[in-house]
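Number of protein chains: 2
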Amino acid sequence: MASINLNVARWTALPLGVVYGLWHSNSLKKSAVKERAAIKYRHKEELINKAKAAYYAPKKIHIEGASQIGIEVRKDADFSTWYTQVLKRSEMLEYYEEVSGCYIIRPLAYNIWHEIQSFFDSAIKKLGVEDTYFPMFVSQRQLEREKNHIEGFAPEVAWVTKAGSSDMENPIAIRPTSETVMYPYFSKWIRTHRDLPLKLNQWCNVVRWEFKKPQPFIRTREFLWQEGHTAHFTKEEADTEVRQILELYRQVYEDLLAVPVIKGVKSEKEKFAGGLYTTTIEGFIPTTGRGIQAATSHCLGQNFAKMFDIVVEDPSALASSEGKEAKKLHVWQNSWGLTTRSIGVMVMIHGDDKGLVLPPRVASIQVIVIPCGLTVKTSEEEKKRVEEKINDVVKELNSVGIKAKSDLRDTYTPGYKFNHWELRGVPLRLEIGPRDLTNNQTLSVRRDNGVKEPVPLDKLTTCVSDILNTIQKDMFERAKKVYDEHVKVIQKWDEFVPALDGKNFVLVPWCEQEHCEDKIKEKSSRRQPEDDKAPSMGAKSLCIPFEQPTEPAIVPGETKCISCDAFAKRYALFGRSY
Amino acid sequence: MASINLNVARWTALPLGVVYGLWHSNSLKKSAVKERAAIKYRHKEELINKAKAAYYAPKKIHIEGASQIGIEVRKDADFSTWYTQVLKRSEMLEYYEEVSGCYIIRPLAYNIWHEIQSFFDSAIKKLGVEDTYFPMFVSQRQLEREKNHIEGFAPEVAWVTKAGSSDMENPIAIRPTSETVMYPYFSKWIRTHRDLPLKLNQWCNVVRWEFKKPQPFIRTREFLWQEGHTAHFTKEEADTEVRQILELYRQVYEDLLAVPVIKGVKSEKEKFAGGLYTTTIEGFIPTTGRGIQAATSHCLGQNFAKMFDIVVEDPSALASSEGKEAKKLHVWQNSWGLTTRSIGVMVMIHGDDKGLVLPPRVASIQVIVIPCGLTVKTSEEEKKRVEEKINDVVKELNSVGIKAKSDLRDTYTPGYKFNHWELRGVPLRLEIGPRDLTNNQTLSVRRDNGVKEPVPLDKLTTCVSDILNTIQKDMFERAKKVYDEHVKVIQKWDEFVPALDGKNFVLVPWCEQEHCEDKIKEKSSRRQPEDDKAPSMGAKSLCIPFEQPTEPAIVPGETKCISCDAFAKRYALFGRSY
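Protein chains in written order, with full-length UniProt numbering: chain A, 1 to 578; chain B, 1 to 578.
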């Protein structure tokens with residue numbers, strides 16, 4: 001029999017069938033079953049029958065069921081099992097057994113993606129970006145047109161070689177990203193500077209057949225994202241947009257998902273394959289001390305424009321040209337992407353030992369209202385009054401746009417329901433019982449910190465709205481504080497690896513040379529955090545933050561690189577990462 | 001030199017560069033260029049320079065340019081060229097040269113898809129359907145679990161066999177539809193009748209590698225769609241939902257796209273592979289006299305539930321069962337889908353010789369406001385007043401939710417702009433010139449029928465709103481009238497083929513036997529409409545309409561099948577189809 005580790009508080013919240021199962025397997029006394037059932041049912045016969053029926057119901061009899069209502073491992077004890085359990089048991093995600101590295105995004109998670117889409121899509125529409133959809137297939141010839149680009153993606157490309165029972169003449173790749181799919185048409189559509197800027201975006205799936213260990217949302221072989229592709233007349237316009245988009249990405253993470261990030265630019269080694277420079281927002285998972293690239297906004301420069309012949313005539317030369325062909329100018333391009341990885345980062349940062357913790361702004365249920373304090377002595381009439389009040393409360397909250405729902409199921413105890421909705425991360429619980437009716441109030445319980453507070457029913461909507469705002473703010477600020485505490489500004493190599501081993505990022509003076517970055521990775525990979533089985537955990541440069549430390553500031557030609565003999569250019573953020 | 005077929009009205013609307021090109025190639029006199037340019041520019045030198053510059057601008061010099069501003073062929077003369085030109089030149093779609101049968105959906109078309117999504121998605125949410133995303137990959141083993149199903153789809157499945165440079169152990173299919181992807185998880189998630197109904201939907205891409213001639217939107221190898229998959233406890237619930245969804249599909253076509261459809265049920269031969277029965281809405285393309293399946297809502301019965309072991313215990317048996325395993329019941333399932341084909345159907349039905357005609361409800365620009373009547377004599381001040389008024393008009397229309405835009409480009413003539421926006425199907429044009437300012441009015445011109453009507457500016461929003469509603473209604477009613485006229489109720493086989501050849505559907509008493517359907521197809525494929533090169537154009541059963549003719553009604557055991565010796569069961573709609 002699987003080990004059972006239940007305190008009274010937990011097993012009284014178990015469903016009847018599971019309790020009966022525990023008794024049946026000699027883990028609980030029969031009296032305990034009756035006691036448990038008495039909470040819900042008046043007649044013992046009825047109860048025993050119900051418990052038995054629940055016990056014998058297929059697929060619910062196993063003892064494993066006892067653990068399936070909650071999370072079995074502590075987040076800080078076994079992070080990777082914890083992560084998987086939270087995702088599966090909250091019904092955010094299901095493992096797809098047929099194809100490794102692919103996962104099923106269930107409604108609870110998809111709704112978060114939908115919130116992100118709504119926010120980001122309306123923001124980019126205001127920047128003049130338009131919707132499009134390009135095919136997901138790309139020929140080998142096309143894919144290989146930009147050399148650095150294909151070098152970056154080739155090892156991960158999935159190839160279609162057969163249709164029906166026929167072999168294809170030429171294999172066709174599934175897009176890992178759509179630069180090479182789109183840019184031949186940019187060349188076709190862009191003819192004069194009046195066609196600029198061209199700003200397109202698509203929400204779609206992409207495939208990167210990675211051979212590293214997959215992890216739900218974080219590293220998956222198929223994932224959902226948006227990819228923006230734009231062309232500009234000047235570098236200045238392209239630069240401006242790169243930053244505008246990065247700022248929107250920051251807002252998605254910080255304002256919606258309550259996940260703090262650091263903005264910066266990638267090193268040459270880490271930039272997008274084929275691009276000019278890559279800006280990024282970098283997140284931090286405190287439990288593992290590892291960094292995670294949250295979203296990137298690339299300036300591609302004129303590199304792809306040259307490969308794909310995306311040119312406009314020089315308008316300044318036009319007026320004076322008499323019959324001569326006008327000078328051609330290559331356009332400046334950007335591409336930028338945000339993926340479903342964002343959902344995983346949010347779970348890793350905010351989830352706790354009870355399960356998911358959702359920031360109110362992305363929760364599809366923000367408030368769950370649960371009847372409490374109903375005992376065997378409660379009259380049917382009183383029970384009805386409680387339920388009516390609960391319906392009123394839900395209606396009132398909905399009327400001001402708060403996503404509230406009730407849980408009036410009579411087959412479960414309040415305790416079970418608490419666990420059920422805590423596991424699913426609902427930000428706020430309201431409990432309403434007969435006594436609350438008398439006092440015209442409800443007890444609110446915050447998911448993020450467990451704080452309980454009575455809410456007068458005549459100030460319901462303002463109070464609940466305030467609490468939700470506070471939760472959103474507190475979640476971000478707590479995470480931000482933790483992040484800040486784990487960024488160590490250091491000047492000496494000796495402190496580098498110990499800081500990493502203490503689950504920190506380091507912010508260090510750096511020469512920005514690629515061979516130096518390789519060396520740092522090598523030197524820092526000697527030791528590994530115990531809870532991580534990744535083969536190489538050397539530190540890499542995460543970004544060169546836009547916001548640089550000023551104490552002490554880098555003195556050009558004086559401050560040395562943390563690792564080599566060259567002079568430092570700027571502070572760079574290094575860390576172990578996903 | 002390509003043949004030039006321009007009347008004065010058309011060439012005066014040409015861009016300067018093209019006019020200069022015509023002159024340069026001795027097709028027009030120099031004076032004509034000056035005359036044309038004088039419409040726009042006061043100084044002849046400036047004009048000659050501009051015309052030259054435009055002429056020498058790369059990619060714009062070719063004579064083909066003359067035709068690229070409009071549609072070159074008549075819809076009724078060469079439908080397939082017309083269709084392609086409308087899509088490409090209105091910038092709805094681009095041919096994807098890399099992979100045959102794939103197309104690029106450009107913003108003008110994607111916006112229509114977005115409108116359809118918004119409408120349909122919010123409607124199904126009200127039915128309790130939730131968003132999900134399943135992987136697009138499915139293993140061969142899984143795909144083949146339902147025998148009839150795979151027989152229907154196998155010839156069109158695209159297979160991934162390679163990742164990076166490695167061959168995969170087992171080839172993986174790209175979903176042609178997701179029954180076999182999803183249902184193993186339905187089996188996992190559905191345990192008791194309380195888990196029902198389960199209602200999931202995803203918006204995604206699917207791949208069907210058809211070898212028939214592809215046609216943009218109508219038959220493409222990758223397309224976008226939504227696929228709903230639901231499970232119910234009773235057949236009644238499943239039946240009800242099948243009809244609810246079909247009704248929503250009717251609304252998408254008739255109320256949004258102004259495309260009339262006929263609701264009915266498919267014959268056994270034409271139903272979804274592996275399902276119990278298929279309901280459908282069938283559209284009609286008058287120009288070719290061919291039918292087109294617009295959307296389908298399938299009841300899968302318990303067939304997939306049996307293959308994938310999707311069961312719940314019998315709740316009625318539970319109470320009485322004492323220790324025995326409860327009886328298992330298979331769930332009832334539906335699946336239903338609507339694709340980007342809908343956009344193509346709308347274009348085919350409403351487009352005309354000037355290009356696209358968009359119903360106001362799906363047009364991303366509903367009203368285009370164009371300055372008119374500005375001549376060389378118009379003062380700068382007056383010009384400015386016109387532009388200011390136009391901006392006010394746009395602002396006022398936007399403020400009440402009407403999607404209005406102005407075209408103030410000063411490099412193009414009003415005539416050019418008329419063509420430009422007519423080609424793109426904008427439902428209503430407002431012209432404003434100096435005289436309109438005086439009269440405090442604007443001239444409205446409907447795209448669908450060319451009707452001009454002055455609109456008093458002090459009743460702007462109500463008038464424009466009324467006109468848009470009228471356009472929407474008229475477009476549907478005109479199309480509906482044409483459809484109705486082309487459905488011939490006939491009783492004798494002798495009339496069958498002549499009716500088809502007259503570009504009609506026929507509604508005939510039918511025995512509903514599969515071999516009879518095959519025979520009808522064979523007998524009706526002797527003759528082909530001239531404008532169609534499809535290899536086999538025999539008629540097939542499109543649906544058995546829910547609304548049956550009553551004059552004469554079918555008399556069971558008396559009315560004979562149109563084609564064979566058996567008795568007719570119901571009237572069936574037959575036609576040549578896409």
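Every residue gets a Cβ at the ideal spot worked out from N, C-alpha and C, and that includes glycine. All values derive from a computational prediction rather than experimental measurement.
query: For residue 515 of chain B, does the count of other Cβ atoms within 10 angstroms reach 16, so buried, or fall short, so exposed?; result: exposed
query: How big is the Cα-Cα spacing for residue 578 of chain A and residue 292 of chain A?; result: 5 Å
query: How is residue 602 of chain A classed by DSSP in three states: helix, strand or coil?; result: Past the edges of chain A, shown from 1 to 578, lies residue 602 of chain A, and the structure says nothing about it.
query: For residue 493 of chain B, which residues from the same chain have a beta carbon less than 7 Å from its beta carbon, with the 5 sequence-adjacent residues on both sides left out?; result: 562, 563
query: Flag this pair as yes or no: are the beta carbons of residue 187 of chain B and residue 308 of chain B separated by less than 8 Å?; result: yes
query: Check whether the Cβ of residue 348 of chain B lies closer than 8 Å to any Cβ atom in chain A.; result: no
query: Beta carbons nearer than 7 Å to chain B: which residues of the segment 135 to 165 of chain A have them?; result: 135, 136, 137, 138, 139, 142, 154, 155, 156, 157, 158, 159, 160, 161, 162, 163, 164
query: For the putative contact between residue 360 of chain B and residue 472 of chain B, defined by C-beta atoms under 8 Å, what is the C-beta separation to the nearest angstrom?; result: 5 Å
query: For the beta strand (DSSP E) containing residue 167 of chain A, name the first residue and the last one.; result: 166 to 174
query: Mapping DSSP to helix, strand and coil, what is residue 302 of chain B?; result: coil
query: Does DSSP put residue 486 of chain B in a helix, a strand or coil?; result: coil
query: For the segment 108 to 125 of chain B, list every residue whose C-beta sits within 7 Å of some C-beta in chain A, in sequence order.; result: 110, 111, 114
query: What three-state label does DSSP hand residue 561 of chain B in the structure shown?; result: coil
query: Just the C-alpha distance for residue 314 of chain A and residue 183 of chain A, rounded to the nearest angstrom, thanks.; result: 20 Å
query: When the Cα of residue 491 of chain A is compared with those of A:559, A:521, A:194, A:424, which residue comes out closest?; result: A:559
query: Please state the DSSP three-state secondary structure of residue 277 of chain A.; result: strand
query: For residue 132 of chain B, which of helix, strand or coil comes out of DSSP?; result: coil
query: What residues from chain B crowd round residue 131 of chain A, counting only those whose CB sits closer than 7 Å?; result: 107, 110, 111, 114
query: So is residue 506 of chain B in contact with chain A if we call contact Cβ pairs under 8 Å?; result: no
query: Using the beta-carbon of each residue, which ones in chain B are nearer than 8 Å to residue 303 of chain A?; result: Chain B residues near residue 303 of chain A: none, gap ~21 Å exceeds 8 Å.
query: Determine the contact status of residue 302 of chain A and residue 231 of chain A, defining contact as a CB-CB distance below 8 Å.; result: no
query: Expressed to the nearest angstrom, what Euclidean distance is found between the alpha-carbon atoms of residue 10 of chain A and residue 414 of chain A?; result: Unreliable placement is indicated for residue 10 of chain A, whose pLDDT of 46 sits below 50; no coordinate value is reported for it.
query: Measuring only between beta-carbons, confirm whether residue 310 of chain B sits less than 8 Å from chain A.; result: no
query: Of the choices A:446, A:376, A:436, A:252, whose alpha-carbon is the least far from that of residue 422 of chain A?; result: A:446
query: Tell me, which residues are paired with residue 441 of chain B by DSSP?; result: B:456
query: So if DSSP puts residue 285 of chain B in a beta bridge, which residue, or which two residues, is it bridged to?; result: B:290
query: Alpha carbon to alpha carbon, how far is residue 566 of chain B from residue 524 of chain B?; result: 19 Å
query: Can you tell me where the alpha helix (DSSP H) holding residue 516 of chain A begins and where it ends?; result: 514 to 523
query: Would residue 94 of chain B count as contacting chain A if we go by Cβ distances under 8 Å?; result: yes
query: Apart from the five residues on each side of it in sequence, which residues of its chain come closer than 8 Å, Cβ to Cβ, to residue 400 of chain A?; result: 461, 465
query: Residue 107 of chain B to residue 342 of chain B, Cα distance in whole Å?; result: 16 Å
query: Keeping to the same chain, check which residues put their C-beta closer than 6 Å to that of residue 431 of chain B; ignore five residues upstream and five downstream.; result: 370, 372, 443
query: Would residue 404 of chain A and residue 441 of chain A be called neighbours here (beta carbons separated by less than 8 Å)?; result: no
query: Whose Cβ in chain A lies nearer than 8 Å to the Cβ of residue 224 of chain B?; result: 133
query: What does a CB cutoff of less than 7 Å around residue 86 of chain A pick up in its chain, not counting 5 residues either side in sequence?; result: 71, 347, 351, 355, 356
query: Taking three-plus beta-carbon pairs below 8 Å as touching, is the segment 234 to 242 of chain B in contact with the segment 139 to 150 of chain A?; result: no
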